Amino acid sequence: MLNFLLTRLVHAVAVVFGVSVAVFFLIRIGGDPSALFLPPEASLEEIARFRHLMGFDQPLIVQFRQFLGRALQGDFGQSLRYDQPAMQLVLERFPATLELSGAALLLSVVVAVPLGLLAAVQRGRLADRVGLFLSLIGQSFPTFWLAIMLILLFSETWGILPPSGRGGWLNLVMPAMALAAYSTAIITRLLRSSMIEVLQSDYIRTARAKGLAPLPIILVHALRNAAIPTLTVIALQVGALLGGAVITEEIFAYPGIGRLAIQAISNRDFTVIQAFVLFMAVVIVSINFLVDVAYALLDPRIRRR
Amino acid sequence: MQFLHRFLRSKLALLGLIIVLVVLIAAVFGPAIAPHDPDAQDIMQRLLPPLSQGEEGRHWLGTDALGRDVLSRLIVGARVSMLVGVAAVVVSALVGVTCGLVAGYEDRVLGRVLMAITDVQLAIPFLVLALAVVAVLGPSMWNLILVLGLANWVQYARVVRAECLVLRNLDFVQAALTCGTTPFTILWRHLLPNVTSSITVISGLLVAKMILFESSLSFLGLGVPAAIPTWGSMIADGRNYVANAWWVAAMPGWALFLTVIGINLVGDRLRDLLDPRSTQLEN
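If you read the sequences in order, they're chains W and V. So the first sequence is numbered by our numbering: it starts at 99 and just counts up by one. So the second sequence is numbered by our numbering: it starts at 197 and just counts up by one.
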């Protein structure tokens, strides 16, 4: 078990290192990054001074060592727009995003698990068709359009939900719904198909044959095995939710890191963009690590490997 | 022919195919079949509701805030969606399948490195990566295709690699190896033909995702430059008028939604027919 965890931990650190290499080169793919950071009307002397200040005139390898050394201390430089360190801006906005994606994830799981189970058990019958139809719609609905239509309905027409901002839980309802639609569809489909597969296996037939009640078979025997692939997909959905939050936050004027990133892009605030991408990656890698641990707890075969 | 017959046995798949064909016709013939000039502004006829009679004919789906015909813009906008969606999938497939074949054939150093790169890629949410790259390179259609393509190759690489790892040990590949066949020929003639059904299945569903991504980025103003009408940017334009002119945002939304449903229906059917695991489940 310890061995397994250590391997996964080393792997996680390696991935974060890889992402930091990617982030470092990201702002350099277009050539000299000074041009990105400075407004187009900057004079040549200004550019030269800035290039020296940021170290862009140093050899790449020196720049990378500096970047990595500072990044390890959480230092991504000052935001070019706000007089604050870039990482601090991201961290300040993160709780809002966490709240939103947490609510969306909860909503997805609460809707998708019963729906997927019901569809699998009632396979080919009405409940299954309804489940598949709903998940097809959820998968095909453009998030941003759904968000606009929700505002039109709940705020403009009925006036029961606030159209924007952050505050009470009422502010979370629409953004979470818009954000959750896609993940709900994906989780439902996957749980349905893995349940169908598990329900056909020999040990379930045995359990049925010895006369166990249907409900314990489904919930205890089958779900436990179907949960493993589903957990993988839920973990992947966390990444999708954090990414999707960019759009949802923008539409609902919700002050999270997604909105911060959009603003940073329109302000050409590249230190913030760097901090944002790397921070997202660290969050996702940590979640994947936790999922690996959860696997090991769920499935003894993985522990022994 | 037999495959088409089996494909069309599902009514939903037929519906999906019809939707996809309609959108494709709009994408190919765009300006030629649009009832009005999609860029012609007429401030006197702004925000006309659907079915209004304009000066130059009926506006079936109304007009937008600048008096442009919504239906014509929808038809022309189909081209960007389809072009970007399909081109991005081609880029993804080229990169992903190549990496997957190589990693599946040679899974020591090179294969491991390639799989490590897929892990790094998966740690960055797609939209985040796309936003950052478009911010650096600037928005243009080719940048968009490149970003979408390079951000979605991982799925191909993983699936193709997993299949090649199995195929590599089968007798026909081993026999070819013994005969001294070059690695390139093994990849191209022996492995690739055996992974085409997986590639088709992934591609079908990925086109739908790409179209959604493209419209999301265009909606945020980070997609195709504003001069070209796209469904995403039309929804963004219409967003400010939802309260009194819902059709400006709703019509492109429906177009997008129906297109994606159509592609997903076709993709699902392809998966049911081609993926050996799901055929097993069906019978």
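Where a beta carbon is used, it is the ideal one built from N, C-alpha and C, also for glycine. Predicted, not measured: the structure shown is a model, and the values here were computed from it.
What residue does the alpha helix (DSSP H) around residue i start on, and which one ends it?
i                     : result
residue 449 (chain V) : 443-470
residue 366 (chain W) : That residue, residue 366 (chain W), is in no alpha helix (DSSP H); it is neither H nor E in DSSP.
residue 250 (chain V) : From DSSP, residue 250 (chain V) is part of no alpha helix (DSSP H) but of the beta strand (DSSP E) over 248-250.
residue 253 (chain V) : Note, residue 253 (chain V): premise wrong, no alpha helix (DSSP H); beta strand (DSSP E) at 253-255.
residue 427 (chain V) : 427-434
residue 144 (chain W) : 142-152
residue 374 (chain V) : 367-374
residue 351 (chain W) : Here residue 351 (chain W) belongs to no alpha helix (DSSP H), and DSSP marks it neither H nor E.
residue 273 (chain W) : 268-297
residue 255 (chain W) : First-last for residue 255 (chain W): undefined, no H or E at that position.
residue 411 (chain V) : 388-415
residue 207 (chain V) : 207-229
residue 231 (chain W) : 224-238
residue 174 (chain W) : Note, residue 174 (chain W): premise wrong, no alpha helix (DSSP H); not H, not E.
residue 246 (chain W) : 241-248
residue 259 (chain V) : Careful: residue 259 (chain V) lies outside any alpha helix (DSSP H) and carries neither H nor E.
residue 288 (chain V) : 266-301
residue 418 (chain V) : Counting along the chain, residue 418 (chain V) falls outside any alpha helix (DSSP H), and DSSP gives it neither H nor E.
residue 198 (chain V) : 198-203
residue 177 (chain V) : Because chain V in this structure spans residues 197 to 479, residue 177 (chain V) falls outside the shown range and cannot be described.
Decide if residue i is buried, meaning its Cβ has at least 16 other Cβ atoms within 10 Å, or exposed.
i                     : result
residue 108 (chain W) : exposed
residue 153 (chain W) : exposed
residue 390 (chain W) : buried
residue 121 (chain W) : buried
residue 405 (chain V) : buried
residue 458 (chain V) : buried
residue 301 (chain W) : exposed
residue 460 (chain V) : buried
residue 256 (chain W) : exposed
residue 275 (chain V) : buried
residue 190 (chain W) : exposed
residue 273 (chain V) : buried
residue 201 (chain V) : exposed
residue 111 (chain W) : exposed
residue 292 (chain V) : buried
residue 478 (chain V) : Note that residue 478 (chain V) scores 40 on pLDDT, short of 50, meaning its location in the model is unreliable; the coordinates nonetheless yield the value given after this. Residue 478 (chain V) comes out exposed.
residue 370 (chain W) : buried
Could you work out which residues of chain V lie near residue i, taking near to mean beta carbons separated by less than 9 Å?
i                     : result
residue 241 (chain W) : 408 and 412
Please go through the same chain and pick out, in chain order, the residues whose beta-carbon is closer than 8 Å to the beta-carbon of residue i, but skip the five residues on each side of it.
i                     : result
residue 382 (chain V) : 301, 369, 372 and 373
residue 466 (chain V) : 203, 396, 397 and 400
residue 360 (chain V) : 296, 297, 299, 300, 301, 387 and 391
residue 279 (chain W) : 236, 239, 241 and 244
Taking residue i as the query, report the chain V residues whose CB atoms sit under 7 Å from its CB, ordered along the chain.
i                     : result
residue 113 (chain W) : 315, 316 and 319
residue 379 (chain W) : 319 and 320
residue 237 (chain W) : 460
residue 340 (chain W) : 321
For residue i, go through chain W and note every residue whose CB falls closer than 8 Å to its CB, in chain order.
i                     : result
residue 449 (chain V) : 240, 243, 246 and 247
residue 213 (chain V) : Simply none; closest approach about 15 Å.
residue 442 (chain V) : 250
By Cβ distance, which residues of its chain are closer than 6 Å to residue i, with the 5 residues on each side in sequence left out?
i                     : result
residue 348 (chain V) : 288
residue 284 (chain V) : 341, 344, 345 and 406
residue 444 (chain V) : 260, 434 and 437
Here's a check: name, in chain order, each residue in its chain whose Cβ is nearer than 7 Å to the Cβ of residue i, leaving out the five neighbours to either side.
i                     : result
residue 268 (chain W) : 259 and 260
residue 209 (chain V) : 203, 461, 462 and 465
residue 224 (chain W) : none
residue 220 (chain V) : 278
Where does residue i fall in DSSP's three states?
i                     : result
residue 183 (chain W) : strand
residue 238 (chain V) : coil
residue 110 (chain W) : helix
residue 315 (chain V) : helix
residue 377 (chain V) : coil
residue 390 (chain W) : helix
residue 300 (chain W) : helix
residue 156 (chain W) : coil
residue 102 (chain W) : helix
For residue i, verify whether its CB is less than 7 Å away from any heavy atom of the ligand COA.
i                     : result
residue 455 (chain V) : This structure does not include the ligand COA; it has no bound ligands of any sort.
Using a cut-off of 8 Å between C-beta atoms, extract the partners of residue i located in chain V.
i                     : result
residue 258 (chain W) : Chain V residues near residue 258 (chain W): none, gap ~15 Å exceeds 8 Å.
residue 254 (chain W) : 438 and 439
residue 125 (chain W) : 332
Counting only Cβ pairs nearer than 7 Å, list the residues of chain W close to residue i.
i                     : result
residue 484 (chain V) : The first residue shown for chain V is 197 and the last is 479, placing residue 484 (chain V) beyond what the model contains.
residue 331 (chain V) : 363 and 371
residue 415 (chain V) : 242
residue 457 (chain V) : 234 and 238
Below 9 Å on C-beta distance, what does residue i contact in chain W?
i                     : result
residue 431 (chain V) : 240, 242, 243 and 246
residue 404 (chain V) : 237 and 238
Would residue i pass as an interface residue toward chain C - the criterion being a Cβ-Cβ separation below 8 Å?
i                     : result
residue 452 (chain V) : Annotation note: the requested chain C is absent from the structure, which comprises protein chains W and V.
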